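Below is one structure, written out as structure tokens; the observations come after it.
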Amino acid sequence: MKIKPAISIPVYKSDLSYYEQISLKSAFAKLKNYDIYILTKKSLCKQVSSSISALGVASTFKLHVVSDFHLGSHYNYNQLMLSREYYQFYVKYSHVLVFQLDAYVHNDELMYWCMKHYDYIGAPVYKYKDYWTKELNFCGNGGFSLRKISSFIKLLDENPKILTLKRVVERAKIFNWKGKTIIFLKFIAALICNKCRLRSNQNWSKLVIGYNEDFIYSTCINISSKFHVSGFVDSRLFAIDYCVHENLKQLEKLPFGCHAWWTVPENLEAWQPILNICHPPPNA
Numbered sequence: 052m053k054i055k056p057a058i059s060i061p062v063y064k065s066d067l068s069y070y071e072q073i074s075l076k077s078a079f080a081k082l083k084n085y086d087i088y089i090l091t092k093k094s095l096c097k098q099v100s101s102s103i104s105a106l107g108v109a110s111t112f113k114l115h116v117v118s119d120f121h122l123g124s125h126y127n128y129n130q131l132m133l134s135r136e137y138y139q140f141y142v143k144y145s146h147v148l149v150f151q152l153d154a155y156v157h158n159d160e161l162m163y164w165c166m167k168h169y170d171y172i173g174a175p176v177y178k179y180k181d182y183w184t185k186e187l188n189f190c191g192n193g194g195f196s197l198r199k200i201s202s203f204i205k206l207l208d209e210n211p212k213i214l215t216l217k218r219v220v221e222r223a224k225i226f227n228w229k230g231k232t233i234i235f236l237k238f239i240a241a242l243i244c245n246k247c248r249l250r251s252n253q254n255w256s257k258l259v260i261g262y263n264e265d266f267i268y269s270t271c272i273n274i275s276s277k278f279h280v281s282g283f284v285d286s287r288l289f290a291i292d293y294c295v296h297e298n299l300k301q302l303e304k305l306p307f308g309c310h311a312w313w314t315v316p317e318n319l320e321a322w323q324p325i326l327n328i329c330h331p332p333p334n335a
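In this text, residue positions in the sequence shown follow my numbering: the first is 52, and each later residue adds one.
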């Protein structure tokens with residue numbers, strides 16, 4: 052298929068904050084040559100469409116309307132991103148760039164990254180221990196991520212096993228004996244109910260070990276599936292999530308984009324002078 056990416060921007064509400072508007076404006080300004088879809092829920096589609104139109108940032112955009120359930124919570128959104136239904140909507144495109152409203156795009160490198168032939172690419176994610184450390188957790192943050200449509204549909208059709216005893220043991224290490232017992236009992240229940248695979252795991256992944264969809268796609272897919280996820284070097288060139296100052300010092304230029312640029316205080320402090328963004332007015 053010819054390379055033809057689309058952008059998918061989840062919008063949960065019609066009243067966008069000051070920083071969310073900045074994120075949205077960056078997408079429409081830098082990625083105006085591509086089809087941009089606003090992913091929103093049925094009950095709000097008219098209000099969201101009117102709100103974005105009123106900002107005057109876009110001459111045109113399309114709507115991807117889903118049930119209120121799928122955008123009703125972070126957990127339900129994870130279920131949507133683990134469903135074939137989401138990717139089937141974009142089947143006429145080669146890739147979809149997921150662009151949440153705490154993301155920012157610095158320049159138009161979208162075609163370059165599409166030609167890299169990764170199936171999934173997102174920013175490096177670091178381990179959290181009451182604070183964000185410099186210890187790498189995985190590569191592939193979903194908030195600003197590029198996904199190859201045909202590969203995701205194929206993967207979801209294959210429905211590989213993602214809940215294994217090895218992964219549950221690793222997850223259980225951080226808990227006391229009571230927590231370990233609960234996790235293993237849940238895992239046994241998942242085995243008995245045959246809920247250890249990708250598609251059937253939309254509820255069970257959260258129930259058993261709390262995996263988000265980006266972690267599942269980045270680390271839980273068996274390598275035999277030939278699902279290619281970017282490594283650290285390209286992930287960091289693609290986007291930065293945390294450890295902003297440390298990562299920028301090691302890069303010769305700004306990455307394609309960034310995630311969580313305003314939702315974490317230290318990130319906002321780092322990005323404000325770079326992006327030349329003022330603090331919001333008092334009533335914003």
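Positions of the beta carbon are idealized from the N, C-alpha and C atoms, including for glycine. Predicted model only: the values in this text are computed from it and were never measured.
Simplified DSSP assignment, three categories, for residue i
| i | result |
| --- | --- |
| Cys96 | helix |
| Asp265 | helix |
| Thr270 | helix |
| Lys199 | strand |
| Leu288 | helix |
| Asp208 | helix |
| Pro324 | helix |
| Ile234 | helix |
| Trp183 | In this predicted model, Trp183 has a pLDDT of only 46, less than 50, meaning its place in the structure is not dependable; the value taken from the coordinates is given anyway. The answer is strand: DSSP assigns Trp183 an E or B state. |
| Phe112 | coil |
| Val315 | coil |
| Val220 | helix |
| Ser188 | Looking at the sequence shown, residue 188 is not Ser but Asn. Correct three-state label for Asn188: strand. |
Where residue i falls, given that 16 or more other Cβ within 10 Å makes a residue buried
| i | result |
| --- | --- |
| Val142 | exposed |
| Ser94 | exposed |
| Thr215 | exposed |
| Phe195 | buried |
| Phe150 | buried |
| Ser281 | buried |
| Asp170 | buried |
| Leu90 | buried |
| Asp208 | exposed |
| Ala78 | buried |
| Asn129 | buried |
| Leu206 | buried |
| Asp292 | buried |
| Leu242 | exposed |
| Tyr144 | buried |
| Gly230 | exposed |
| Leu302 | exposed |
Given residue i as reference, the closest of the options once Cα atoms are compared
| i | options | result |
| --- | --- | --- |
| Val285 | Ile204, Tyr163 and Asn263 | Before going further, note that residue 285 is Asp rather than Val in the sequence given. Here the closest residue by C-alpha is Tyr163. |
| Lys76 | Cys96, Thr111, Tyr293 and His146 | Thr111 |
| Leu249 | Tyr88, Arg135 and Arg287 | Arg135 |
| Lys199 | Tyr268, Ile73 and Lys300 | Tyr268 |
| Ala80 | Val108, Asn129, Ala321 and Ser102 | Val108 |
| Cys294 | Ala311, Lys304, Phe278 and His279 | Ala311 |
| Ser124 | Ile172, Ala105, Lys64 and Leu236 | Lys64 |
| Ile103 | His146, Glu71 and Asp119 | Glu71 |
| Ile60 | Leu197, Cys329, Ile213 and Trp228 | Leu197 |
| Ile204 | Gln139, Ile239, Ala105 and Ser100 | Gln139 |
| His157 | His330, Cys329, Glu317 and Lys304 | Lys304 |
| Leu299 | Val315, Ile325 and Lys277 | Ile325 |
Cβ distance (whole Å) where residue i is taken to contact residue j below 8 Å
| i | j | result |
| --- | --- | --- |
| Asp86 | Lys113 | 6 Å |
| Val147 | Pro56 | 7 Å |
| Leu122 | Lys83 | Going by Cβ atoms, the distance from Leu122 to Lys83 rounds to 25 Å, so no, they are not a contact pair. |
| Gly308 | Ala290 | 5 Å |
Own chain, CB closer than 6 Å to residue i, minus 5 neighbours either side, in chain order
| i | result |
| --- | --- |
| Leu319 | Trp313 |
| Leu288 | Pro306 |
| His279 | Tyr169 and Asp170 |
| Tyr137 | Leu131 |
| His296 | Ala321 |
| Ile172 | Leu197, Ser281 and Phe289 |
| Cys271 | Ile213 |
Closer than 8 Å: residue i CB and nearest the ligand COA heavy atom
| i | result |
| --- | --- |
| His168 | Looking at this structure, you won't find the ligand COA or any other ligand, since it has none at all. |
Own chain residues within Cβ distance below 7 Å of residue i, not counting five before or after
| i | result |
| --- | --- |
| Leu74 | Rather than Leu, the amino acid found at residue 74 in this sequence is Ser. So the list reads Leu152, Asp153, Ala154 and Tyr155, once near-sequence residues are dropped. |
| Phe266 | Phe189 |
Cut-off 8 Å between Cβ atoms - residues of its own chain near residue i, not counting five sequence neighbours on either side
| i | result |
| --- | --- |
| Phe235 | Val219 and Ala223 |
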